[in-house]
Structures are given as structure tokens and as C-alpha cells.
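And the structure:
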């Protein structure tokens, strides 16, 4: 006879029958009946009607029967609270039983009965059990405190259970310690601010001792708790690491991963030249590799975490490429993860092996996997330059297979390769064009169209090809439509004579027949450009695109850092900070890797600056939503001393994300006013910016996405997705060169070429632009600009109160930025600011604030607070604000420096339509602290040699060539920090044209 | 009759068998309203923060029926599993269902073992490995208790199962997961005991607290007594390898475990040493192994659990150390016309260290278009399953003098083009008395007890994920 008999029943009512059996006099019959009841419960049947009868069986000396009744009670007490009271007496009695097993069982069960009336009775027995002589009872009671806290937190605090629980951390039994830690961690999570787990060197020592002796599960709790501790110095950090490393050899993979988390976090504090640091690095690899031989589910979680570890510290697994090779019987979710890590580990040393593997995978059965493998080949080409040629030929081989989805993926990645290595592999275009007809996926079609447009001058029948796409224009997806529009405009600019009709056709299709605002807007801007100033159009449309790099698919550093602190958790599986997806009322706790104290810090971050996964943001990384949030939260976390007068902003809970989103939207001028069909003059600036460089606008930051999407889109014309209008991330995006005018002057300048406000001699001050529209600022409108007056950078703002109530308590803070700009004093706003009142304020700035490279370089993220709320916006300052007064260089020094700076740092720009002579130009520039050192005239060309110095000591050397009678200036620029060239050039342009 | 109906239906809507009688119908209504009240209650009156890690467990069979549920706290409606079923629908194979799923209010973490899904419901941020490891422990415990882990056996022992689950997890915290401890608290059912129990009315429940629960060696119970004291160790190695078309090894590694069966009286303290311990790249130990001794002397020193346990697992991935015992010479080609193809496979020994290869089975996953195979095998037998497109050639013992060969023709679906994807060959084999890494146990010493135990070490090598590309 087996238990399956409990599932059978007579034809009469089952409940009725059970009731009779439960009330039977025979013990055995009773027990059988309870078993039947439990069996029904397990398959989801409702047997709650039997509650009183089952409770009646509770008073028994048979432990098994008692246990079964307890099981039943836990399930149903909640639905029958009044009945549950009947059981209380027995519980209380059982808590005094001489048998510790029964004492523990009673207190455990009581904790599971979530009925308020019962919890009152629970307190006394629980207090006794927490001090029980038997550790088994103590450890059960510790967990019970957490349960009780969940039901009634106030009660637990009032009764002083938390203190008792803290005492248990010093218990002699490691099991009790582990459970106390677990319970405290749980309670602490719902009270983010309470200092429940007061970690200090003494308590850490106790935890480390208990770690060696407690069960595997207890070890996980203790390790997770340890990970929250910040050691005082590198020695303490090392000693903790030493005591944690043996856990790497545990059979339980959860223990291993928790240990890895502690080590990854504390390693950050160790000096890199320490021997132990190297030893530790070596010790981390084998256990990670071993995790991959476990069951597939474990492998999956391990791989997701390894993905983070590889980005943070690529050196750990750089020799272990082979373990990530995909096996035939791996489940698909493991295969895809392995592929991702293979790309991350790909380097010049192993690229041949990786490519051979990828080619093998491209002939597998699973379509998703094959696609990802093809994309991976493209990523290899972009990541390892030496392999690009081989990758391209591999891709061509794959295209020859004519398998439809392989061809399409291959074309998408070849487009990326063209972007990365312009003018190198164009010979394959012919092969690509052969496959034009088989492309049916929007992404592949868009990629192909981009290629045709980009290389229109080399493809004889480019017009025919594009025309063929135009026929079904309205059936195409937005992505393809946008691409087609741009491609045809490009074609027109390259071959104006033959394609006039085509361009007319596409412009009218886009502007008149389309309902899509993005498409319409882009159509109008091209139209305007083409009709007003074809030269400018050429500059915009055919602008040189910033190179893409493989870093684009890396997780943004601040997020990565936070995720490293969450290794082993769900956050690490989803690659999202816990605050982004865990439901519940927990406060946002941003965990950060501790930073090593001491002087090495700054130099260290520079050291790693170039390496993938470095702490500094690499140039092409687009901050994800989470990161922006993190950064802006930083504003509140670390107020610079100079703003001591300003009270820190209110804490930002989850809502911060929305606020931020809103703020940025406002920057983009989101009040999409519909364009009138008569092509209104002066489309407002922010909006025009929006479509000329499509923003990497996937707010749903998905780290698994393979396509180096964001960077690709930067160039402006590839893959403009329909969502790009959402504007997220756009202010931080790299702009196409010719558009990157100071303070969002953007296209506005291009429109009003030569126009603009007449400025007096002296520092060029751009006109104020709208930084914070009243709609986003809850009535507060901020216009602003930057100026340099008497050697001090001033942020000049006009604050207007458009709300109905007065505003007070103004304060301002900056996010970390490229040149460390920070307010030099509090924001002096004469308060209160009454409704409809407008005031001008000038905020002096210094450059002593924290530095973080921004993109673009001159981007500044600002938070302004008043009595109503905190508002966020970002703006760009002309880099000329940073040119110091003593920037004039000695002639000899200039010459030597010019020679000294390598030629690859030289940048050349053209300034069109500038009608000044060289002296006037020199004077104008002098006002902006650009000093002319020498002037030379060669064959009617004036050459001005100029120098300037930035506040952080960077020197910029330029040669300005002015051809008499020609409105075009050429600026050649040399600087050790080549990144600033673009910004400097903008200043030249702005200063000379105003 | 009712029982079987209920099991065959996916959800609690199993009550559509309500033709039975009115009472059942009522029961159904009660259950839905109960679940409703539960969930609404959850949202209104309770803080959303839940304390426990694992909230609920659902056992789901291969065809997608929930046949057991266990809630460690409030009852979560079965509807939460719908997200899982959705993912299961999408997956090509049950193995391909992603182990971690996100739903609006919960996380679902599942494992697939013995054709059963163990699906746990999580409400808060919890370490997924923790949950997966725990689920594995549940499966192992079931296997240990009932000999296998199947739907039938779980249903047959449902009360024990329920007691076990309750004992293993308290409020989301694992309580007792060591089989030694569990067995002291809940006796595993045996046919004999079930009979005795029914006759005498005694329970299969231990009345006293298991001693191991509290000692610093929680894995061993005290007072163990045997008349025959014996300790056996099985060194089992699996070769994971990918060999390419030309026979070159792309990657190869060895996963090893040492399974122990120790039946010794009292509290023995064992020391096991190897001839060549430095061979091992990474090791994971049972908690009983003293890590410090390993670090210092490379010996395994431990007080063993009673009975069967995994002493250690290890990993060898230095490629030159991994011998590939067999080769497969293969030629699978399809005619350009697309009407059919040819297959020619020969297996032979490569690095067998002088031992015999047994249980050799070659599995070929054919492209979808392959309809049937007409082959002749010089040794063993072959089957081709046209549904799964899997060709299995069971060779058995490999004779180095007369190499087994399988050849013949493949026929394709009429009109199907030449297949694009390559067939993949997987190999299963077994070599007795050999640990292919070369690992050798040196000696086993026992301290702390006076008697002389029987000792034994056995070696076996198997193919793990051993794949040959075509």
C-alpha cells in the first residue's frame, strides 16, 4: 500500500467521509484521515472545511500526527483565524515540551500562522525559545523572528526581539549564527536605513569564524552579508579575502558564487602591485570554469555572472576561451550566453580559433543561435582589427550559402564593418548587391540601403537600386523609410544631376504622404537644407561619422560596478540594478564597490582608462538609463563643499527614473508641435537636433542585445528607429561633427549662417537658450548661457516663475563632468520668487569639482532644487569658457610642442562663410583667450599660429589659414588630448561668426 | 476514478469533472474564491515585502500538469505557472525552457530533472543559484528516499514528500538538507516498514532530535554500527570533448567525481591520498573535507557521512593531459541533386591506455530532411528514428582488430534541397579500470577507530559531452 490510496475516494462526499474518519476514536484511523487531508491539500484541493476536525487531532503524543496537523494549520489558519485560536493553547504547551524537537516545531509553526491574534500569544514562547539551552531551538527561533517581523514589524521592535537576534550573532553554535545573520539580513532589507547589521571588525571576525563551521546554506547567508561590509583598509580587505577563498572549493555552486562576489568586491581595495592581488586573480579562474560543468540551469546563472566578471576583469578568464565553446547538446539558453562571452574574450591571440568556431556554429540548426553566431563574427571584426579581413571573407562565404537568414544577418554586420573600417572592404559591395532581392527583414533592408547610399558614388546603378525600394515606400517599416530617405539625399548630394527627380519624389513621400512624425521631420529638414544651402546640407548629411567601437555593447561602468556587488542575485542574471525590477517597498540601495583609499586612486583609473571594462567611461559608451539615474543620484550623495549652503535634495526613490526621463525629454523640446506644411522657418533647435543624430533610444537597456546598436546610430543616419523621438540619452550622445555647436546652437546656427546677435568684442557669449521649460520644471523656467568674465566662469541664468505660487529655497548642483566644473558658491536667488517674476542670476563656477568624462565633452548635467521639487537638465558650455588668460605660449615652446605632438593628434576643420580678415579674426579670438603667437603670409594666405590653455592645463595649438577673398577658413589643430579638438573647433566657429 | 482525472488535467480546473456530484462543484467554487481572497489579501493588508526566499514549489510533469504544490507561506494560485507554460510552449525541447523567468509579481526558477519540472516561485531578490541548488537537493533527496524521482513515486509517497519538503525548508531558509539528518527525522519508506507500520501502527517518524543536526559535523549521525566495516571509492571521469572534421581536438576536458560508499562504525577519521594530486585543476569538496589539509599536503582528510556521498569533484582541462580514447572516421554526404546521400562511419581506438572500450554508442543527429537510412553495420545494431531524426548505432565492445563500420545510403524527403546544416555525432562509451586523467589513489588510512575496514577503489571513464563534427 502506498500513499496513492489517499487520493482515491468513495463516491459519497469526500469531505463528509473524512470528517467522520477524523473524529474516529481509533488513533490509526485518525492518522490515516489526516494523511488523506494532506494529500488532497498537495494537489490544490480545498479541504479547509475540515479545519475544526483536524485541529482536534492536534493534542496527541504521536509526533508524526502532530506534524501533519501542523502542516495543515500552516496552510489554512489564515482563512479560519477564529478557529486557529483554538490551537494556541496546544502551541504554548508544546513550546515547553521537554523534547527540543517539539519545542522547535511549535515555535516554527506558530511563526508560519499569519494570524494577528496568534502572534500576540507567540511573543512569550518565542522569547524563551531564543534563549533556549538547545541550539536547534535557538536557530529555529531566530528564523521565527524574521517571520514575525514580516507579519508585525512594530511588535518585533517593541518586544526587543531585534536586540536578542543581534546577540545571537555571537552565539557559540555556528548554525545559530548563520540563521541569525539570515534573519537579520531579511529584516534589514525591508528597513534599508536601520543599522541592524552593524558590521564592524569584531562582528566580521565572528562571521568569518562561523563561516567555516556552518552549513552550506548558512555560508551563503554569511557571505552575502560580508559582501555588504566595507573594509577599513587594504589589509583588512586582504585578510577577509584570505579567509573567504577556501569557499571557492565548495561543492555548492551558490557558495562558490557568493564567495566570488565577496572577492570581486574586496579585490578593488587591494593595491594592484601586491603579490596577493595576482594570486587572487589566479585563484578565481578555476572555480568559475568548474561552474560550467554543472547542470545547465546552474551554468546559465554562472554564465550571466561570468559575463559581468569578464567585463570588469577580463584578465581572469582570458586564457579560458575553450571552456566557452558551444557543445551540441547545450540548451539554447546556454549556447547564446556562451557566444556572448566568447566575443568578450576574443583577442588577437585567440581570434583564429574563435572564428573557426563561429563559422561552425553558423551551420547549426537553431535559427536564433545561427543569427547570433553571424553577428558575433561581425563583432569580432570590429573588436580585433587584425581579424577584420578574415571575418569579412568568412561572412562572404556565409553569404554564398544563400541561406536567407544568414545572408540578412551577414549584411547587417557588414554594414557595421564598413562603419568601423571605411574605405577598406568596399570591394564586396557587388556581392552584397546580388542579394538585394532576398532581403525581407527591415534591419537587413535598412542596412543594405545604408550601404548603397553611403557608397553611391561607387555603385553605378545606385539610383536604380534605391528607386526599386521606393516603389513600396509606404509598406516599408519606419526604419527602412528613414534610411531610404537619407540614402537618396546622400545619393543626390553625390550625383546631383541624375537624381533630382528621385529626391523630389522621396521628399514628397516623406513629408506629405506619411503619418510618421519622425519621417516627416527628417524629410522637412533635408528639404530645407537642400533648398537653403546645399553646402551646409552636404556637411550635415555627408558628415564624417564617428567610428564605432566594440565597447558599445559593454555594460556602462557605473551599472557594471553595481552589478558586480550583486553577483549571484537575480540582478546579475537580468543585468539590471535590483531597484529597476524588484517589486516591493524597499528603498533603493545602490551598492558600490569600495574604492581603495590613498593616492593611487586617480592614477589607477587613468591606467585602466583604455582597457575594455575600465572604470572610466570609454568614449563611445552611451549611458544607459540606469546609469544616468545613478549619476544623478550621486548629485545628492556627494554634495561638493562649495554648495554647503544648499540643503541636499530630497532622497530620490524609484520615481527618480521618471523624473529624469521627463527632464531629458524636456531638453529635447518634446512638446512636438506639428509642423505646418509650409515649412516653417526656424524649426526649433532642439527638435532639429533630434533627428539629425538619431539617439540611441532604447530605454529598455538590454545588455544581451548583440548589435552594436547605439554607436551605430550615432552617425546619424543608420538605423534610425521609430523610437528615436523619445529623446532618451540624446543629450549625452556624440553628435555628428558639424552639428556640435556650443550650447545646443546646433542646426539653428546652420540656418542662420552669418546671422546672429552682434556681439561686442571680448569673450563670445552665446545667447541664452532654454534649459528647463516651465512645463518640466513645474512652473520654473530656466534660460541660460555661460560666460567668462574677468577670468571667472559664470553660469548666467534667467529664472522665471510661471507657476501660481511663490518659489523659495533655490539650490543647484552639478553632476561630475569632464572639467570638474562646480558651483563656486551657493545659488544667489533673492527669494521668494513670486509668480510671473523673472530674475537674472549669475553663478560663478570653479573647476575643483569631481571629474568624469562626459559625452560630448562639454556636457554638463545640472540639478536645480526649489521648495517644489528637484529638476534635472543638461546643457553644454562652450569650451572657450575654459580658456585661461595666461594661455599665450612662447614662440619657441609653441614650435617645439607642435613638433612634439604626434601627427595623428592633428585635426583639421573648415569654417565656411566667414568674411573677416585675418586681423579681425585674431582680435575676435583674442577676446576668447585664444592668443595669436605669430602670423605668416604665404602666397596670399594668412597663417595665424595660435595657442590656448584650458583650466586643467591642457594646451591646444592651432594654425588658422585665411585665404584672402575666400570665405573659407581652415583650422589645423594639435593637442595632446585629441578629444577636445571638436569642442575647440566649435568655439572657433562660434567666435568667428559672432 | 476521480484521482486519475484530477491528475491528467493541467490546472485546478480539474474540477470540470464536476459531473460527479454537487459537492465537488461547491468545492471548486470554494477553492477559486479562496485563492482570490488570498491574493487580494496579500496585496491589501500585508506589506508587499515577503521575507522568504522560496515561496512555493510546483511539480509539473512532462505533459504540463501540476501534480503537486507546496507553499511555505501563503498560497499562490496556480495561474502563476501560466508564464512558465508559455515559455515551455516556445521552447523546442523541455530542456530549452529558460531556468529563470520574470513575471509581473514573481520570479519563476525551475529545473528539469527526470522528465519533471521543479518550479519554484520567488517573490524577492534571491540568489538564483541558491534556489537551483536547493531544487537539486530536493531531487536528490527524493531519489535517495524512493530510489527514483518520478511522478508515480512522488504520488505514491506524497505524505513523506510533504514532510520532507517541510523539513528541508523553513520560511525560505533551508533547514535540513543532508540526507543523513533527514533520514534520522523521517525514515525512508521500505516495503517491510510500510507493512510493519500498518500492522503495529507505529510511525515512520523519529521521536528524538537527530544528533548530527547540532554537532559541528552535521553530515554524520552518531552511534553508527556495522558488522562489516567497508569503505569503497569510485573514481568516475567523464570526457567532454569536441573533435573537428579532420580529427583534431578542438577542446577537451575531464570532469571527475569521487563517489564514496562508506559504512564504518563509530566516528572514523579517514585520510585519502593520491599518487598525483597536482593533476587536478580545480576541486570542489564535500563539506566534510578539511580544506586546510588539502591546501598544505594535498590529501583528503575527513570524517565521512554515513552511506553514499560525493566526496569531491574535480576538473582537468589542460588539453595535453586529456586523452581521446576513440576516433570516428566519418563521411556523410548528400548528393547535389538533393535526392539522397551516403553515410560511412568507422570507429577505432585512439588512446585507450591498453584498456578495452565498452558500451560504445554513436548517435548522429541528422538534418530534418533525412527520411530514412538503409545501412549495414559490421558490428552492433542501428536504429533511425524518423521523428527525431536521430540515428543510434549501438556498437558495444570495440575490437581493435576488427574495426566496426556502418555504411549505406540515406534518403531525403522528395523535393527537399540539399541540407545545409551538418549532422552532429555524439559518442557514448565506457572504459573500466581506468581514470583517463591518470589520477590514482595512493592509500586510505583510518584513524579514531580500532577495527580494520575493507577498502576498495574502482575507476571508470565515460564519455560526457563527446562530440565529433562533420
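Residue numbers (the numbering used here), protein chains in the order written: chain A, 205 to 1198; chain B, 143 to 612. Just so you know, even glycine gets a beta-carbon here, dropped at the ideal spot from N, CA and C.
Close beta carbons around residue i, own chain, < 6 Å, minus the five adjacent residues each side
i              : result
residue 389/A  : 429
residue 696/A  : 703 and 707
residue 850/A  : Low per-residue confidence applies at residue 850/A: pLDDT is 38, beneath 50, and the placement is therefore not dependable, though the value from the model is reported in the following sentence. Excluding positions up to five away in sequence, the list reads 1015 and 1030.
residue 1044/A : 1002
residue 493/A  : 524 and 527
residue 307/B  : 212
residue 1167/A : 1145
residue 639/A  : 611
residue 1051/A : 1023, 1024, 1025 and 1155
Beta-bridge partners of residue i, as assigned by DSSP
i              : result
residue 622/B  : Here chain B covers residues 143 to 612 and nothing more, so residue 622/B does not appear.
residue 997/A  : 992/A and 1049/A
residue 1119/A : Looking at the DSSP assignment, residue 1119/A forms no beta bridge with any residue, so it has no partner.
residue 490/B  : 469/B
residue 1163/A : 1149/A and 1176/A
residue 213/B  : 198/B
Supposed close pair residue i, residue j - CB separation, criterion 8 Å
i              : j              : result
residue 239/B  : residue 230/B  : 5 Å
residue 267/A  : residue 242/A  : 15 Å between Cβ atoms; not a contact.
residue 1074/A : residue 1036/A : In fact, because the Cβ distance is near 18 Å, the residues do not count as touching under 8 Å.
residue 452/B  : residue 498/A  : Contact flag wrong, Cβ pair sits at about 13 Å.
residue 565/B  : residue 507/B  : 6 Å
Other residues of its chain near residue i: CB distance less than 7 Å, five sequence neighbours each side excluded
i             : result
residue 348/A : 311, 312, 315 and 330
residue 545/A : 507, 510, 511, 514 and 528
residue 245/B : 222 and 225
residue 591/A : 555, 559, 584 and 585
residue 733/A : 740, 741 and 744
residue 277/B : 253, 260 and 262
residue 444/B : 412, 430, 431 and 432
residue 258/A : 226, 238, 241, 273 and 276
Same chain, Cβ closer than 8 Å to residue i, five either side skipped, listed in chain order
i              : result
residue 643/A  : 611, 612, 615, 649 and 652
residue 1021/A : 1053, 1055, 1056, 1058, 1063, 1064 and 1065
residue 551/B  : 482, 483, 484, 485, 515, 516 and 517
residue 1181/A : 1158
Simplified DSSP state of residue i, which is helix, strand or coil
i             : result
residue 736/A : helix
residue 439/A : helix
residue 776/A : helix
residue 460/B : coil
residue 771/A : coil
residue 294/A : helix
residue 629/A : coil
residue 242/B : strand
residue 429/A : helix
residue 204/B : coil
residue 978/A : coil
residue 372/B : strand
residue 560/B : coil
Contact set between the segment 493-506 of chain A and chain E, restricted to residues whose Cβ is under 8 Å from the partner: Protein chains in the displayed structure are A and B, and chain E is not among them.
Ordered list of beta strand (DSSP E) runs contained in the segment 1011-1055 of chain A, each at least 3 residues: 1015-1018 and 1042-1050
Restricting to runs no shorter than 4 residues, where is the alpha helix (DSSP H) found entirely within the segment 477-528 of chain A? 479-495 and 500-516
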